[in-house]
Amino acid sequence: MSFKSLRLPSFFSRSHTYLKVEKGDDEGSETSCLAASSQPTRNYLRCFIISSLCNVLLAIAIFALFIFEFSMPWRNLTPQAVTRAASSFSPLFDKLPLTTFLKMINGSFMSETDPPDIFRALPSPEVDTAWYPISKPTWITITEPEARSLDKDPSLLVKAPEDWGHGKNKYIAMLDLNHQLHCLNQLRRLAFRDEYPIATTRMDFHKEHWMHCVHILYQNIMCTGSTEIITYNWRETQRFPVPDFDVPKKCRNTNALLKFQERGIIVGMDELREEMEKPGDAVTLPLPPRLKSFLEAHEDE
């Protein structure tokens, strides 16, 4: 059998191509024809398989993305759940409506309102009255399960005596917010030494207290890590660009925390603390070495 030329089917090639076949006997010509036709067939099958695999992988990827996008828990998070997700565990989550809201921070260098916000006003009896309830170290109580939820060993904690009226198996605690506000108020008072005199006989202790407060506030600021951006404007009479410290922030409803503290406060804490005696079976933990040495050196002050 002899062929002068062979035309491949159109689906094997983009153009109509003819392959010339050398003259020869029928067997040789047929062998050459089959060899010529098998190569395009293999290429087509390879392309078909690769294309099919790519389509299958693409379909799987699209399906996985669809499932990921519409099944993520954050799409159905409540405001309180968002607060939980951005915080370490606290038993307060089940007690308070800890929601968040958007607020514009007042970053003005001087107060532009009259009267100014009480918490940026200069010292006065009214200012002290505003700061006192939120910054005075305040005790509340927590239950044994709540203590365990904080990874605390109840056997090492200080129990609140039952005659304080807070029930059985309650432990003394304090809101971290209360401690931070206490530290902030200490530094505020430090800025006005004339209005808030300091006993110079305990100056070493005061310095340690102030630096403790600076460190506490520094760590909390670095922990939250504000992501807001401060921009600059040209202002009249000013040679250099002026920063605009008014930035929007997502704020937590801290008033709910302060109201909770007010409801659960141990009334008369100072007097009750003076009357407290350590139970005979209480576990006594060691003081940090440097603090112990410092207190021993200043015990007469």
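When you line the sequence shown up against our numbering, it's residues 2 to 302, in that order. Virtual Cβ for every residue (Gly too), placed ideally from N, Cα, C. Bear in mind the structure is a predicted one, so any value in this text is a computation, not a measurement.
Limits of the unbroken alpha helix (DSSP H) element including proline 290:
290 to 298
Excluding the 5 residues flanking alanine 36 on each side, which residues of the same chain have their C-beta closer than 7 Å to its C-beta?
Its pLDDT being 49, under 50, alanine 36 is placed unreliably in this model, and the value from its coordinates should be taken loosely. None.
Apart from the five residues on each side of it in sequence, which residues of its chain come closer than 7 Å, Cβ to Cβ, to phenylalanine 193?
Pro124
What does the Cβ neighbour count give for isoleucine 173, buried or exposed, with the cut at 16 atoms within 10 Å?
buried
State the DSSP-derived secondary structure class of aspartate 245, mapped to helix, strand or coil.
strand
Go through its chain and collect everything with a Cβ distance to serine 156's Cβ below 8 Å, but skip five positions before and after it.
Val284
If you compare alpha carbons, which of Asp177, Lys104, Asn44 is closest to proline 92?
Asp177
Check whether the segment 273 to 292 touches the segment 124 to 139, taking contact to mean three or more Cβ pairs, one atom from each stretch, closer than 8 Å.
no
DSSP three-state call for tyrosine 45: helix, strand or coil?
helix
Beta strand (DSSP E) containing lysine 104: first to last residue?
101 to 105
For threonine 255, which residues in the same chain have their Cβ closer than 8 Å to its Cβ, ignoring the five residues on either side in sequence?
Leu178
Buried or exposed, going by whether 16 or more other CB atoms sit within 10 Å of the CB of serine 136?
buried
Distance between beta carbons of glutamine 181 and leucine 218, contact taken as under 8 Å
7 Å
Could you check the C-alpha separation between lysine 171 and leucine 259 for me, to the nearest Å?
20 Å
Three or more C-beta pairs below 8 Å linking the segment 77 to 86 and the segment 222 to 236:
no
Same chain, Cβ closer than 7 Å to tryptophan 235, five either side skipped, listed in chain order:
Pro242
Could you pull out every unbroken beta strand (DSSP E) segment of at least 3 residues lying fully inside the segment 139 to 184, listed in chain order?
141 to 144, 171 to 174
Which partner residues does cysteine 252 have in the DSSP bridge list?
Phe102
Use the C-beta contact count for threonine 139: other C-beta atoms within 10 angstroms, 16 or more gives buried, fewer gives exposed.
buried
For tyrosine 219, report the span of its alpha helix (DSSP H) as first-last.
204 to 225
Identify the continuous alpha helix (DSSP H) that holds threonine 130 and give its terminal residues.
126 to 136
Applying the 10 Å Cβ sphere with the 16-neighbour rule, what's the burial state of glutamate 229?
exposed
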